[in-house]
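2 protein chains.
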Amino acid sequence: MAKIIDVANRAGVSAATVSRALNNVGTVDPALAERVRAAAAELGYRPNGVARNLRRQRTDVWALIISDIENPFFTAVARGVEDIARERGFSVLLCNADEDKHKEDRYLQVAEQEQVAGVIISPNMRGSDISRMVQASIPVVTIDRTVRTPVDSVMVHSRAGAREATEHLFASGWRRPACITGPEYADTAEQRLQGYLDAVKDARRRPATSLIRHTNFQVEAAHAATLSLLGERRPPDAFFVANATMALGALQALTDRGLKPGRDVGLVAFDDAPWARLVDPPLTVVAQPAYDIGATAARLLTERIQRSAPQRPRHVTLSTELIVRQSSLRPG
Amino acid sequence: MAKIIDVANRAGVSAATVSRALNNVGTVDPALAERVRAAAAELGYRPNGVARNLRRQRTDVWALIISDIENPFFTAVARGVEDIARERGFSVLLCNADEDKHKEDRYLQVAEQEQVAGVIISPNMRGSDISRMVQASIPVVTIDRTVRTPVDSVMVHSRAGAREATEHLFASGWRRPACITGPEYADTAEQRLQGYLDAVKDARRRPATSLIRHTNFQVEAAHAATLSLLGERRPPDAFFVANATMALGALQALTDRGLKPGRDVGLVAFDDAPWARLVDPPLTVVAQPAYDIGATAARLLTERIQRSAPQRPRHVTLSTELIVRQSSLRPG
DNA sequence: CTGAAAGCGCTAACAT
DNA sequence: ATGTTAGCGCTTTCAG
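The listed protein sequences correspond, in order, to chains E and R. Each step along the first sequence adds one to the number in my numbering, with nothing skipped, and position 92 is 92. To get my numbering, take the position in the second sequence, counting from 1, and add 1000.
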């Protein structure tokens, strides 16, 4: 591999001039710059990014740490982040924490060690180790969930969205909606549960703990939770499920039991997904502006990186949209 | 941020000893090692990975460059890669090339500059710039698709799988199956088309170009292709679609036209997906061992990284499995 | 078993 | 406008 000094020798200049010419920094005689570029091309020179990063004490790389790569919400977020990052000259490295605290910690550590320019993360809640990043003065933006450490965040009105979804279930004529939400330590899960409870109380029903299940946000757990709810002495007649991944599990469980949403039971899920309108029946959802969430987080991060002066954390909260298809409807 | 010399001072030793103690390398007096660890902990010391990488001239990070993050095939592959990587002490950074050559090139460049230990990639075919990696002596394993540059690869028997799928369509009583495949420059797409053609010829039909569509492997393109096929003078009565993402588009188009698979038309897709059994009707698929593909690629890469001696490229080809659900069946 | 010293490849101050 | 020099933080010879 050709190094900068090889290019310098070939072009008959110093290494510093090569660096300046290739990075368009400072002032270089146009003719010289051209000679340098030619020499670099002939040698197939590629700057060693590791050396550059060490010297510059910074990187043009972001880490995007998401909770679950199979959740379409996060893949859409990733698109939003990437588009803006590219526009601003950053590369983004995607890390899949898989709702697992150890993996998340590992990626956070890699991000710190590799001195990334910034981190966007949907934190697992059990005390995500964000404070280390702040100590290392690496800007962090959280999405979807918040943490104790005060950093920028982009959220949606989960509680309001969940409430609207559950109200819609009541309005459609269902009487005993259940709620399948995420882990107790995830505030997104908690807010969606609260929204559900808001609607239950508004409908002047008594919230029953037997109609609530906490899971790890994954397919299998939702499948089990649905079966468990169906096995209750007084089973629910409708379901509010707190994300798209779990909707798959719930749908499967209902199918297993021969129960058809939109006919035998009601079903609404948080998050839209590419397949949501194609399942049987088409799924009613609370859609999040996932792409915008990613794009917004990316913008906040860029600003944070550019300003050297510390500044109060900024919080952006976006709205959800109820999309009524068929799974929530009640015949007759 | 504490540096190694700070730890050294606090522990009353040299930087070299700190390095040795923390990396468990060479021989360090146990008592000293303990003192070093204590000092490091007190200072919250984290080694600067960039500096370490520069000195060591290597990294413990892989780049996994996939074609489309929304395709469940690739997310499953990613799981397989990550599990093995973690087991062997590597971290994997996921890059979404989005079926876009520019993005792919960019990530390849970042991977080279950041001196990753290895690359696993599902290459976009229009001359992926793999040769640069080889020049930089960074090991590469391709998955799903191959390139000209001779490197290790993990593939599936695409042609056989496609043939089996199409034969199944004929066996179910359909007479004019169409094929929606990927770009002409992608050999996976080409092989799936060939498998389709094999079956057509076996059935003693004449392959009609009017029944074949090339797309970019994405939802929208498949949607359009399906509508276009339906608009032919002699439209097909069945569809073989070359990946899961496109199945979504085809399904949508058929639904738009009021055509129900498993009743009005036949439909088989390459790739299984979490939602495949939940759509209406459940989708018949040619399942790829996606997780195993990832895991196998990861194993090949590890071996390649460990052996210093060059060695002929290795190619592993795994088998597919036809899973008959309902979308391919013909009533009566 | 430990320390001193060199140096990975690059960029940024400082000279000229 | 260009070259010289120093040094980013770490690991790894090489001495002792």
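For glycine and all other residues, C-beta sits at the position ideal for the given N, C-alpha and C. In this text, all values refer to a predicted model and were calculated from it rather than measured experimentally.
Take every Cβ of the region 1240–1248 of chain R, pair it with every Cβ of the region 1207–1224 of chain R, and state whether three or more of those distances are shorter than 8 Å.
With a cut-off of 8 Å, the region 1207–1224 of chain R and the region 1240–1248 of chain R count as touching, because enough Cβ pairs lie within range.
For residue 1200(R), does the three-state DSSP call read helix, strand or coil?
If DSSP states are grouped into helix, strand and coil, residue 1200(R) belongs with the helices.
Assuming residue 81(E) and residue 262(E) make a contact with CB atoms under 8 Å, what is their CB distance in whole Å?
Going by Cβ atoms, the distance from residue 81(E) to residue 262(E) rounds to 35 Å, so no, they are not a contact pair.
For the 8 Å Cβ check, are there 3 or more pairs between the region 134–149 of chain E and the region 89–105 of chain E?
In short, these stretches do not touch, since the Cβ pair count stays below three.
Is the shortest distance between the beta-carbon of residue 91(E) and the beta-carbons of chain R less than 7 Å?
Residue 91(E) counts as touching chain R.
Using the beta-carbon count (16 or more within 10 Å), is residue 25(E) buried or exposed?
Residue 25(E) is exposed by the Cβ-count criterion.
Output needed for residue 1168(R): all residues of its chain with C-beta closer than 8 Å, excluding positions within five of it in sequence on either side, in chain order.
Closer than 8 Å at the Cβ level, and outside the excluded window around residue 1168(R), lie 1268, 1284, 1322, 1324 and 1328.
In angstroms with no decimal places, state the Cα-to-Cα distance between residue 1302(R) and residue 316(E).
For residue 1302(R) and residue 316(E), the distance between alpha carbons rounds to 43 Å.
Between which two residues does the beta strand (DSSP E) harbouring residue 1177(R) extend?
Here the beta strand (DSSP E) through residue 1177(R) covers 1177–1181.
So residue 1090(R) is in the alpha helix (DSSP H); what residue range does that whole segment cover?
Run containing residue 1090(R): none; DSSP gives neither H nor E here.
For residue 276(E), is the classification buried or exposed, using 16 other Cβ atoms within 10 angstroms of its Cβ as the cut-off for buried?
It is buried - the Cβ of residue 276(E) has at least 16 other Cβ atoms within 10 Å.
On the DSSP bridge list, what partners appear for residue 156(E)?
Per DSSP, 318(E).
With a Cβ-Cβ cutoff of 7 Å, do residue 1073(R) and residue 1066(R) count as a contact?
Contact: no.
According to the neighbour-count rule (16 or more other Cβ atoms, all chains shown, within 10 Å of its Cβ), is residue 116(E) buried or exposed?
So residue 116(E) ends up on the buried side.
On the three-state DSSP scale, how would you describe residue 305(E)?
Residue 305(E): helix per DSSP, three-state reduction.
Around the Cβ of residue 214(E), are there at least 16 other Cβ atoms within 10 angstroms (buried) or fewer (exposed)?
Per the 10 Å Cβ criterion, buried.
I need the DSSP call for residue 209(E), collapsed to helix, strand or coil.
Correct three-state label for residue 209(E): helix.
With burial defined as no fewer than 16 other Cβ atoms inside 10 Å of the residue's Cβ, what is the status of residue 1181(R): buried or exposed?
Result: buried.
Which value, in whole angstroms, describes the spacing of the CA atoms of residue 62(E) and residue 1089(R)?
If you take the alpha carbons of residue 62(E) and residue 1089(R), they lie about 22 Å apart.
Could you pull the DSSP bridge partners for residue 140(E) from this structure?
DSSP, once it has assigned bridges, lists 119(E) as partnering residue 140(E).
Consider the Cβ of residue 267(E): report whether some Cβ of chain R lies at a distance smaller than 7 Å.
Cβ-Cβ to chain R under 7 Å: no for residue 267(E).
Output, in chain order, the set of chain R residues within a Cβ distance shorter than 9 Å of residue 46(E).
Those are 1109, 1112, 1113, 1132 and 1136, listed as they occur along chain R.
I think residue 1193(R) touches residue 1212(R), with their Cβ atoms under 8 Å apart; what is that distance to the nearest whole Å?
Between residue 1212(R) and residue 1193(R) the Cβ distance is about 7 Å, and since that is below 8 Å, they are a contact.
For the beta strand (DSSP E) that residue 1284(R) lies in, which residues bound it at each end?
Looking at the DSSP string, the run of the beta strand (DSSP E) that includes residue 1284(R) is 1284–1287.
Please confirm if residue 1216(R) has its CB atom under 7 Å from at least one CB of chain E.
Chain E, which has no Cβ nearer than 7 Å to the Cβ of residue 1216(R), makes this no.
For residue 1002(R) and residue 131(E), what's the separation of their Cα atoms in angstroms?
One C-alpha to the other measures close to 16 Å.
Which residues bound the alpha helix (DSSP H) around residue 249(E)?
It spans 244–256 - the alpha helix (DSSP H) in which residue 249(E) sits, taken as one unbroken run.
Beta strand (DSSP E) containing residue 1032(R): first to last residue?
It is not in any beta strand (DSSP E) - residue 1032(R) instead sits in the alpha helix (DSSP H) that spans 1030–1043.
Check whether the Cβ of residue 1050(R) lies closer than 7 Å to any Cβ atom in chain E.
Yes, contact with chain E.
Taking the beta carbon of residue 1195(R) as the centre, do at least 16 other beta carbons fall within 10 Å, making it buried, or is it exposed?
By the neighbour-count rule (16 or more Cβ atoms within 10 Å), residue 1195(R) is buried.
How about residue 1009(R): is its C-beta nearer than 7 Å to some C-beta of chain E?
No, residue 1009(R) does not count as interfacial toward chain E.
So which of 1048(R), 1086(R) and 1039(R) has the shortest CA-CA distance to residue 1299(R)?
Among 1048(R), 1086(R) and 1039(R), the Cα nearest to that of residue 1299(R) belongs to 1086(R).
Listed from N- to C-terminal order along the chain, which residues in the region 291–319 of chain E have their beta-carbon within a distance smaller than 7 Å of any beta-carbon of chain R?
Flagged: no residues at all.
Which whole-angstrom value is the C-beta distance of residue 120(E) and residue 64(E), which I expect to be below 8 Å?
At roughly 5 Å, the Cβ-Cβ gap stays under 8 Å, so residue 120(E) and residue 64(E) are in contact.
Is residue 216(E) helix, strand or coil when you go by DSSP?
DSSP places residue 216(E) in coil when its eight states are reduced to three.
To which residues of the same chain is residue 8(E) closer than 6 Å at the C-beta, ignoring the five residues directly before and after it?
Once the five neighbours on either side are set aside, the close Cβ partners of residue 8(E) are 14, 15 and 18.
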